[in-house]
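K.L.:
Per our numbering, numbering through the sequence shown is continuous, rising by one, with the last residue being 352.
Before anything else, here's the structure in question.
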Amino acid sequence: MPSHRLYRRAWCRFVETLRQTRQCKKIIREFGADAVLGMGGFTSLPPVYAGHKLGLKTFVHDSNARPGRSNVMTSRFCTQIFLGLDAAKAFFPNRETVNTGTPVRPEILDLPSRESAAAMFSLDPSRQTIVITGGSQGAHRLNELSAQAAASLPSETQVLHIAGASDFDRVSEITKGRAGYKVLGFCDQMPSAYAVADLVIARSGASSLTEIAIAGLPSILVPYPYAADDHQTRNAEVFDHSGAGKLVQERDLNPEKLASFATSILQDLPTHQRMAKAASSLAIPNAADRVCAAIEATLS
């Protein structure tokens, strides 16, 4: 029966978690750790629980406005919970939380010049530029909508579209007649992409939003509709409510609307400036230092 299979799977997960916890205890003892930090997800539970059982200071970090269930469970064994977005605090009642922000790679904190970034992508630094990126999952529909919107954008607006390997050919075919539309299958120079951008169209995963805020860029955010607990919508709401981004659900979007939203932001300078300022206000550039400082404070 299905219920029996579910029970068996749950029991297997429980046994596996206990096994992993024992392994983590051994590693923690051998390493001589003073504290344990889990960076979120189901893999954080065994090491954090092991540290808790060993009497150590324990921590978990959650980047999203709506925390994952595994992090809520892990938080029961934590000295403190670190948050990427302050909106998540409500999900940890009676627990000590610290809004540290989400750590990012160091190069995001020091973007290259617009001119050098434009040269890298063969773009014109004097023209307004939209950067489109679908993130790590669920980009196909967003890629399609964005490519089809190209025909409705002003001719002087250029686009850097990071479509991913699976959609590169399709997006290139749709936009092949559109001058100033650069399609990439992959981009390992996101700092340069942000440096040349005037507007970002993206999903609303926590890492992407953190980088967009640090870069101080206005954004159109289209949450991945199948994300767990709809956490991408909750993330995008933070940016939308603060005026940093425009939240648009995929089901409500078509190419003409997307082009209209983008054009209205780019052509209205006061709106663009307000959104950029609001995005910067959400940024916590020194998140990694704040995490370290919070841990050290509990150990002193």
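Virtual Cβ for every residue (Gly too), placed ideally from N, Cα, C.
Are the CB atoms of Arg118 and Asp341 nearer to each other than 7 Å?
P.N.:
Their beta carbons are not under 7 Å apart, which means Arg118 does not touch Asp341 by this criterion.
K.L.:
Is Gln180 helix, strand or coil by DSSP?
P.N.:
Judged by DSSP in its simplified three-state form, Gln180 adopts coil rather than helix or strand.
K.L.:
Using 8 Å as the Cβ pair cut-off and three pairs as the minimum, do the segment 320–330 and the segment 279–298 touch?
P.N.:
yes
K.L.:
Should Ser294 be counted as a contact of the ligand FMN given a C-beta to heavy atom distance under 6 Å?
P.N.:
Within the structure as shown, the ligand FMN is missing, as the structure has no ligands at all.
K.L.:
Just the C-alpha distance for Asp221 and Phe173, rounded to the nearest angstrom, thanks.
P.N.:
18 Å
K.L.:
Using beta-carbon positions only, say whether Leu197 and Leu273 come within less than 7 Å of one another.
P.N.:
Remark: C-beta atoms of Leu197 and Leu273 do not approach each other more closely than 7 Å.
K.L.:
At 4 residues or longer, and completely inside the segment 267–316: list those alpha helix (DSSP H) runs for me, N to C.
P.N.:
283–294
K.L.:
For Asp176, which residues from the same chain have a beta carbon less than 8 Å from its beta carbon, with the 5 sequence-adjacent residues on both sides left out?
P.N.:
For Asp176, where only same-chain residues beyond five positions count, the Cβ hits under 8 Å are Ala170, Gln210, Gly232.
K.L.:
Should Pro275 be labelled buried (16 or more other beta-carbon atoms within 10 Å of its own) or exposed?
P.N.:
buried
K.L.:
Report the residue from Val88, Leu97, Asp86 whose alpha carbon sits nearest the alpha carbon of Phe66.
P.N.:
Leu97
K.L.:
If you draw a straight line from the alpha carbon of Ile133 to that of Leu205, how long is it in whole angstroms?
P.N.:
44 Å
K.L.:
Would you mind reading off the limits of the beta strand (DSSP E) that contains Lys109?
P.N.:
109–114
K.L.:
On the DSSP letters alone, give me the boundaries of the beta strand (DSSP E) that Ile214 sits inside.
P.N.:
210–214
K.L.:
Check Asn146 in the structure and name its three-state DSSP category.
P.N.:
Of the three classes helix, strand and coil, the one that applies to Asn146 here is coil, per DSSP.
K.L.:
Just grab the DSSP bridge partners of Lys234 for me.
P.N.:
Leu212
K.L.:
Please check the pair Ala335 and Asn116, which I expect to be a contact at CB under 8 Å, by giving their CB distance rounded to whole angstroms.
P.N.:
16 Å between Cβ atoms; not a contact.
K.L.:
Alpha carbons only, please: which of Phe144, Arg81, Asn151, Ile253 is nearest the one belonging to Leu318?
P.N.:
The option with the nearest alpha carbon to Leu318 is Ile253.
K.L.:
With Ile253 as the anchor, note down where its beta strand (DSSP E) starts and where it stops.
P.N.:
251–254
K.L.:
Quick one: using the 10 Å Cβ neighbour count with 16 as the cut-off for buried, is Ser165 buried or exposed?
P.N.:
exposed
K.L.:
For Asn151, which residues from the same chain have a beta carbon less than 7 Å from its beta carbon, with the 5 sequence-adjacent residues on both sides left out?
P.N.:
Leu135, Asp138
K.L.:
With a threshold of 16 other CB atoms inside 10 Å of the CB of Ser55, please say whether the residue is buried or exposed.
P.N.:
Any reading at Ser55 is ruled out, since the residue's pLDDT is 38, under 50, leaving its predicted position unreliable.
K.L.:
Over the uninterrupted alpha helix (DSSP H) stretch that includes Val248, give me the two end residues.
P.N.:
242–248
K.L.:
State buried or exposed for Thr95, treating a residue as buried only when at least 16 other CB atoms are found within 10 Å of its CB.
P.N.:
Label assigned to Thr95: exposed.
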